[in-house]
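The numbering used here applies: residue 33 is where the sequence shown begins, and numbers increase by one.
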Amino acid sequence: MKKIIVFLMILAISVSPLFRGLFFYYETTVFLTVIALLSFVYFMLKVKDREPVYYNKWLFLFGLLLAAAYVLAFMTAVNPRENLASLLLVLEYLLMSIVLYDYFHDKKEVYGSIILVPVIITGFINSVIGIEAITGAYKFLNVTVNKRRLGATFQYANTAAIYFAIIIIFSLTLMCALDKPFFRIILTGASNVIFLAMLLTRSRGGYIAGFFAIIVLMMIQARGYKLRMAGSFICAVIPALLLVRDISNLTASEDALSLNKLLVISIAGTLILALAYEGLLIIISNIRIKTTLPKPLGRALPCIAAVILIVAVLLLRNQIIGLIPDSIIERFARMGLNDPNISIRLTFDKDALKLISKNRLLGTGGGSWQILYYSVQEYFYISRSVHNHFLEIFVESGILGFTSFIAVVALSVFYMISALMKSKEIGQRIYPAGFFAAFVALVIHSSIDFDLSYVSVGALFWVMVVMSLPSDKHIIEFRKSFMVITMIIVSSVSLLLNGVYAIAAHNANIGLNLKAKGDHAQASKYYEEAIRLDPSNSAYSFELARLYRSFADISQTAEKKEAWKKAALVMAGRSIESNPYLPETNRLLIKVYYDLNMPLEGIEYAEKLINYQPCYNANYELLAKGYLEAGKYYMEKGNAETAKEYLEKCLNIDPPEDSEDITALPELKLEALTLLEENNK
33 MKKIIVFLMI LAISVSPLFR GLFFYYETTV FLTVIALLSF VYFMLKVKDR
83 EPVYYNKWLF LFGLLLAAAY VLAFMTAVNP RENLASLLLV LEYLLMSIVL
133 YDYFHDKKEV YGSIILVPVI ITGFINSVIG IEAITGAYKF LNVTVNKRRL
183 GATFQYANTA AIYFAIIIIF SLTLMCALDK PFFRIILTGA SNVIFLAMLL
233 TRSRGGYIAG FFAIIVLMMI QARGYKLRMA GSFICAVIPA LLLVRDISNL
283 TASEDALSLN KLLVISIAGT LILALAYEGL LIIISNIRIK TTLPKPLGRA
333 LPCIAAVILI VAVLLLRNQI IGLIPDSIIE RFARMGLNDP NISIRLTFDK
383 DALKLISKNR LLGTGGGSWQ ILYYSVQEYF YISRSVHNHF LEIFVESGIL
433 GFTSFIAVVA LSVFYMISAL MKSKEIGQRI YPAGFFAAFV ALVIHSSIDF
483 DLSYVSVGAL FWVMVVMSLP SDKHIIEFRK SFMVITMIIV SSVSLLLNGV
533 YAIAAHNANI GLNLKAKGDH AQASKYYEEA IRLDPSNSAY SFELARLYRS
583 FADISQTAEK KEAWKKAALV MAGRSIESNP YLPETNRLLI KVYYDLNMPL
633 EGIEYAEKLI NYQPCYNANY ELLAKGYLEA GKYYMEKGNA ETAKEYLEKC
683 LNIDPPEDSE DITALPELKL EALTLLEENN K
């Protein structure tokens with residue numbers, strides 16, 4: 033039974049990238065519910081069978097410290113509900129890794145292949161979906177293409193690029209592990225499609241981190257496998273390079289037939305090259321059997337082959353560059369500190385450090401970056417993530433969370449390097465080399481992008497962490513039942529909460545689709561059910577407030593308008609209670625107050641909003657409107673002095689130079705000036 037549980041867990045982790053990478057909350061909560069259920073059943077079986085649970089004591093310590101950091105962050109969290117979600121995610125990663133390690137700790141030799149096979153199959157499917165989607169012919173795939181860049185099911189090119197690079201590394205590793213011509217040919221064909229998808233992402237960071245990791249893999253892989261692996265990789269790369277420009281030109285063409293023809297040609301060419309290469313390997317092997325080469329010459333052959341390859345690339349570099357789409361070459365030509373994509377990332381890091389400097393001890397809770405970054409930005413931009421997972425954890429969970437995560441990464445790298453150095457047999461080096469290269473690629477790229485914000489990529493990260501753990505040292509054995517019962521309690525709580533959140537997210541997702549179709553009445557019912565299940569989720573109350581406000585706009589009678597406006601006020605206020613610093617929520621509440629002719633209440637939040645988001649001019653317009661309406665209100669009441677005070681405040685509003693372009697503020701100021709002149713007569 034435990035074997036089935038572990039198989040289902042591996043399957044869930046493997047296929048998770050196909051569900052938008054688990055970036056969005058609905059898919060994420062469903063996945064976490066499944067993982068919590070499987071963990072709960074696994075630990076229950078361990079108790080039933082009176083078996084101990086095994087884990088690495090250092091990873092257990094650092095994992096607990098990371099979870100503890102998010103617990104402590106509740107003291108300063110700007111959104112406790114989001115911090116709870118982050119805490120549950122960390123705990124589920126930890127429980128998942130405990131289950132995998134406990135089951136495989138005494139059979140690590142099979143762990144690699146059991147993990148890699150479904151992950152590679154999913155990666156291949158993902159690459160096919162991404163490539164097929166670029167023409168726009170298959171709308172049902174629901175995969176968007178942004179600026180001719182393939183994002184696959186992640187809908188984001190940079191994460192897709194590093195994901196495909198990792199899958200290629202896994203494929204090359206599995207070739208070495210299985211070491212059979214048939215499997216090598218099949219995996220080479222799959223690698224061709226995956227490499228093609230990686231190229232079409234046009235991700236410079238993905239290319240650099242990915243190719244660096246592939247080179248590292250070829251350098252550290254077991255002797256005797258390097259040449260085979262390098263040859264198979266070249267067989268996969270050549271057809272992809274020859275056809276990538278033609279395939280790229282089909283972007284948004286809706287010409288699926290031409291694309292599929294090119295894809296078949298690429299795969300067929302790869303298989304032919306791979307078959308020929310296997311024949312060459314057989315010939316070389318026979319020569320080695322008949323002729324014993326001197327050891328120095330045998331060791332020098334891979335180096336000679338590498339030199340020949342480098343010289344060939346240098347001689348043919350112009351022809352190779354000619355095969356690459358112009359858009360990729362242009363992106364690399366623009367690369368530098370003045371490149372907007374690079375400079376904006378440096379800005380994200382700088383603004384993250386500003387937030388860290390204010391809350392370095394405990395952090396500001398899970399999900400706090402996307403709430404607070406507006407307050408420290410020097411010019412207006414939008415970014416849901418820091419684009420640096422290390423700094424994002426620091427922002428959220430403070431120094432303890434940051435050091436704990438660094439420790440997890442460092443411990444994993446240490447164990448992987450130790451395994452490589454201590455491998456006595458050639459076969460023992462294969463999986464450590466592959467997982468080390470893939471891990472390095474992901475860690476490097478996650479320092480410049482938000483890959484680990486995708487829960488599917490985060491799960492893959494923890495799978496590689498488990499693979500790094502040694503099975504012969506630093507093992508902690510939980511024999512006492514109360515420790516396992518604690519794991520059962522944690523998994524059951526996570527199961528309950530994520531299960532309820534998943535049902536709520538399902539209702540909200542239906543509501544979102546209905547809203548997009550214009551059926552606001554039905555949409556509101558689903559959002560009401562969502563907020564009933566998840567009452568502290570500010571996103572649901574925010575959407576309900578917007579819907580109720582729209583109902584007020586279309587209501588025929590004054591009574592109904594007033595009733596819907598008050599209902600919108602309740603929901604907007606509820607959203608503010610859960611998430612007080614989010615600018616969008618504050619803007620909505622201010623607008624509802626203005627709808628209800630309550631400018632003074634609106635001004636209170638509008639003045640706060642300027643501090644929350646100083647570089648967004650719509651906030652200054654809202655404040656100006658509030659001052660103007662307050663001036664009118666006091667003029668009607670005959671309080672000229674107070675009216676003058678508010679009208680002058682309206683005239684004195686001065687947005688920063690770097691804020692977004694403004695439209696309505698001059699008109700509001702002109703109206704305030706006119707009223708002020710009338711008031712002074």
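Virtual Cβ for every residue (Gly too), placed ideally from N, Cα, C.
- Counting C-beta pairs with one atom in each stretch, the stretch 413-424 and the stretch 80-99 have fewer than three that are closer than 8 Å, which means they do not touch.
- Secondary structure at V131: helix, using DSSP grouped into helix, strand and coil.
- Between A704 and L683 the beta-carbon gap is near 6 Å, inside 8 Å, which marks them as a contact.
- Inclusion of T185 and G53 in the CB contact set at 9 Å is warranted, their separation being smaller than that value.
- With a cutoff of 9 Å on beta-carbon distance, G466 and Q253 are scored as near each other.
- A direct Cα-Cα distance of roughly 48 Å separates R511 from L544.
- Following the DSSP letters along the chain, one finds N88 inside the beta strand (DSSP E) bounded by residues V85 to N88.
- Following the DSSP letters along the chain, one finds E457 in no beta strand (DSSP E), marked with neither H nor E.
- The continuous beta strand (DSSP E) containing F510 extends over residues I507 to F510.
- In this structure, the alpha-carbon of S568 lies about 10 Å from that of N111.
- Per the coordinates, the alpha-carbon of I67 lies some 11 Å from the alpha-carbon of S48.
- Counting only runs of 4 or more residues that sit fully inside the stretch 519-595, the alpha helix (DSSP H) segments are 552-565 and 570-586, in chain order.
- The way I'd put it, the stretch 336-356 doesn't touch the stretch 207-221; fewer than three beta-carbon pairs between them come closer than 8 Å.
- Here the stretch 69-86 lies against the stretch 129-140, with 3 or more beta-carbon pairs under 8 Å apart.
- Of all C-beta pairs linking the stretch 525-536 to the stretch 114-125, three or more are shorter than 8 Å, placing the two stretches in contact.
- Ranking Q402, G397 and R277 by CA distance to the CA of L355 puts R277 first.
- The C-alpha of L565 is placed about 36 Å away from the C-alpha of L474.
- If only complete runs of 3 or more residues are kept, the stretch 96-157 shows no beta strand (DSSP E) anywhere.
- Collapsing the DSSP output to three states places R181 in a strand.
- Membership of P372 in the alpha helix (DSSP H) is indicated by the continuous run P372 to K390.
- Burial state of F364 is exposed, judged by a 10 Å Cβ sphere holding fewer than 16 other Cβ atoms.
- A distance of 9 Å or more separates the beta carbons of E509 and A540.
- Under the Cβ criterion (8 Å, minimum of three pairs), the stretch 148-166 counts as touching the stretch 284-293.
- One alpha carbon belongs to A268, the other to T617, and they sit about 50 Å apart.
- Excluding sequence positions up to five before and after N712, its CB lies less than 7 Å from no other CB in the same chain.
- Taken through DSSP and simplified to helix, strand or coil, F72 comes out as helix.
- Remark: fewer than three beta-carbon pairs, one from each stretch, lie closer than 8 Å, so the stretch 245-260 and the stretch 361-380 are not flagged as touching.
- Excluding five sequence positions before and after L654, the CB atoms of its chain that fall closer than 6 Å to its own CB belong to I622 and A638, given in chain order.
- In this structure, D483 places its C-beta atom within 9 Å of the C-beta atom of Y195.
- For M496, the uninterrupted alpha helix (DSSP H) segment begins and ends at V487 to S500.
- Taking C-beta separations shorter than 6 Å and ignoring five residues to either side along the sequence, the partners of K681 in its chain run Y659, following chain order.
- A residue is called buried when at least 16 other Cβ atoms come within 10 angstroms of its Cβ; R113 meets this threshold and is buried.
- Following the DSSP letters along the chain, one finds M41 inside the alpha helix (DSSP H) bounded by residues K34 to V47.
- Judged by DSSP in its simplified three-state form, P646 adopts coil rather than helix or strand.
- Scanning its chain for C-beta atoms nearer than 6 Å, with the 5 sequence neighbours on each side dropped, one finds around A469 the residues I201, A245, V248 and L249, in chain order.
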